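So the sequence shown is numbered by our numbering: it starts at 7 and just counts up by one.
See structure below.
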Amino acid sequence: MPNQVNYYEMIGFQSATPCPSSDLPETPDLSHTAIFLDFDGTLTEIAPRPDEISIDPALPRILNDLARATDGALAVVSGRRLADLEHYLPGFRGVLVGCHGAERRIGGTYERIDECDCETLEGFRDVVRAWVRHKEKVLLEEKPASVVLHFRQAPEAMTEGEHFLNSLVEGLDGWTVHHAKMALELIPSRVSKGGAVTELLSHMPDRTPIAIGDDTTDETMFAVATQNGGYGIRVGDGDTHAKHCIASVETLRRMLESWVRDPRGVKCPNA
Ligand SMILES: O=P(O)(O)OC[C@H]1O[C@H](O[C@H]2O[C@H](CO)[C@@H](O)[C@H](O)[C@H]2O)[C@H](O)[C@@H](O)[C@@H]1O
Numbered sequence: 007m008p009n010q011v012n013y014y015e016m017i018g019f020q021s022a023t024p025c026p027s028s029d030l031p032e033t034p035d036l037s038h039t040a041i042f043l044d045f046d047g048t049l050t051e052i053a054p055r056p057d058e059i060s061i062d063p064a065l066p067r068i069l070n071d072l073a074r075a076t077d078g079a080l081a082v083v084s085g086r087r088l089a090d091l092e093h094y095l096p097g098f099r100g101v102l103v104g105c106h107g108a109e110r111r112i113g114g115t116y117e118r119i120d121e122c123d124c125e126t127l128e129g130f131r132d133v134v135r136a137w138v139r140h141k142e143k144v145l146l147e148e149k150p151a152s153v154v155l156h157f158r159q160a161p162e163a164m165t166e167g168e169h170f171l172n173s174l175v176e177g178l179d180g181w182t183v184h185h186a187k188m189a190l191e192l193i194p195s196r197v198s199k200g201g202a203v204t205e206l207l208s209h210m211p212d213r214t215p216i217a218i219g220d221d222t223t224d225e226t227m228f229a230v231a232t233q234n235g236g237y238g239i240r241v242g243d244g245d246t247h248a249k250h251c252i253a254s255v256e257t258l259r260r261m262l263e264s265w266v267r268d269p270r271g272v273k274c275p276n277a
């Protein structure tokens with residue numbers, strides 16, 4: 007993957023390790039903090055299908071409160087399409103990064119960051135559509151810069167799916183296969199959440215970054231946060247480069263609310 011930045015190299019080749027389950031951070035000084043939040047599995051529980059998630063109605067308000075308290079240094083950084091994020095977070099006015107960094111909305115302005123190799127992508131779409139047609143219960147999700155295969159309803163097809171997608175990118179510069187929760191995504195190598203966070207941070211040099219997420223694709227955000235003097239918080243179990251772990255989506259929601267409500271920092275129980 008010649009075009010891909012290795013964010014793990016940036017933090018010294020440390021391998022991911024299991025996170026201690028009861029190690030929550032102190033409430034940060036929000037006036038000097040930048041917060042980067044993943045969406046699925048972090049701000050909302052994982053659901054059987056992408057369109058079956060349910061959103062805490064208080065979530066947009068909590069995010070707006072945090073964005074205000076950080077003077078706008080907060081972004082939701084997701085693999086979802088921007089249009090999905092806007093649909094699920096009505097009323098949230100802060101920064102949205104979609105498609106792992108390929109799209110973003112800042113202050114009401116919409117940007118497509120990555121110049122897509124559209125011809126190759128269209129070729130992939132055709133082949134993947136044909137493959138999935140014969141795979142009962144494998145779900146195809148098409149996004150502006152990528153193609154996702156979801157295996158939550160067909161876990162037995164995942165290994166074959168991985169071989170299939172790997173065969174498409176083999177020997178081809180500029181494309182990679184992201185492993186996500188019960189999903190595989192064919193995506194330009196240069197698109198990553200770590201890259202998106204690096205770009206956003208370049209406009210706020212005095213901020214300490216905190217990146218929060220639950221999935222493999224969030225690990226690049228954790229690496230960039232660590233490299234820039236901050237840290238990652240991993241939601242749920244699993245080996246990680248994050249410094250802290252938090253038990254659940256619900257515990258995270260309560261912790262974020264407490265950061266706004268009590269800036270001096272009473273620790274929220276990690277349960
Ligand atoms: O970066 P994120 O905000 O965590 O988005 C990652 C992917 O989330 C969605 O898929 C995942 O969540 C679904 C709903 O809970 C679940 O059914 C699926 O198994 C997960 O992989 C979304 O569909 C993808 O486009 C995002 O990349």
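All C-beta atoms in this analysis are idealised placements derived from N, C-alpha and C, irrespective of residue type, glycine included.
Just so we're clear, the structure is a prediction, and the values are computed from it rather than from any experiment.
Determine which residues share a DSSP beta bridge with residue i and list them.
i: Trp181; result: Pro194
i: Pro215; result: Ala40
i: His247; result: His247 is not bridged to any residue.
i: Ile252; result: Val241
i: Asp46; result: Thr50
i: Glu109; result: Gly104, Arg118
i: His283; result: This structure gives no information on residue 283, because the portion of the chain shown stretches from 7 to 277.
To the nearest whole angstrom, what separates the beta carbons of residue i and residue j, a pair I think is in contact under 8 angstroms?
i: Arg86; j: Phe45; result: 6 angstroms
i: Leu36; j: Ala75; result: 4 angstroms
i: Val230; j: Gly200; result: 5 angstroms
i: Leu30; j: Met261; result: 7 angstroms
i: Arg240; j: Ala248; result: 4 angstroms
i: Gly33; j: Pro269; result: A small fix is needed here, since residue 33 is Thr in this sequence, not Gly. So it is a contact: roughly 6 angstroms between Cβ atoms.
Check whether the Cβ atoms of residue i and residue j lie closer than 7 angstroms to each other.
i: Val83; j: Ala202; result: yes
i: Ala81; j: Phe42; result: yes
i: Leu145; j: Leu171; result: no
i: Glu58; j: Leu88; result: no
i: Met188; j: Arg158; result: yes
i: Asp179; j: Gly47; result: no
i: Glu263; j: Ile68; result: yes
i: Ala151; j: Cys122; result: yes
i: Ala40; j: Ala79; result: yes
i: Leu91; j: Gly104; result: yes
i: Pro194; j: Leu207; result: no
i: Thr246; j: Cys25; result: yes
i: Gly107; j: Val197; result: yes
i: Gly242; j: Ala217; result: no
i: Ile112; j: Val101; result: yes
i: Asp71; j: Val266; result: yes
In the structure shown, what three-state DSSP assignment does residue i receive?
i: Pro269; result: coil
i: Glu263; result: helix
i: Glu92; result: helix
i: Ala22; result: coil
i: Val144; result: coil
i: Glu168; result: helix
i: Glu128; result: helix
i: Ile52; result: coil
i: Lys199; result: helix
i: Gly104; result: strand
i: Met7; result: Summary for Met7: the model assigns pLDDT 36, below 50, so the residue's position carries little reliability; its value from the coordinates is reported in the next sentence. Reduced to three states, the DSSP call for Met7 is coil.
i: Leu30; result: coil
i: Ala81; result: strand
i: Glu176; result: coil
i: Ala228; result: According to the sequence as given, residue 228 is Phe; it is not Ala. In this structure, Phe228 counts as helix in the three-state DSSP scheme.
i: Ile68; result: helix
Chain C beta carbons: is any one of them nearer than 7 angstroms to that of residue i?
i: Glu168; result: Judged by its chain identifiers, the structure shown contains no chain C, having just a single protein chain.
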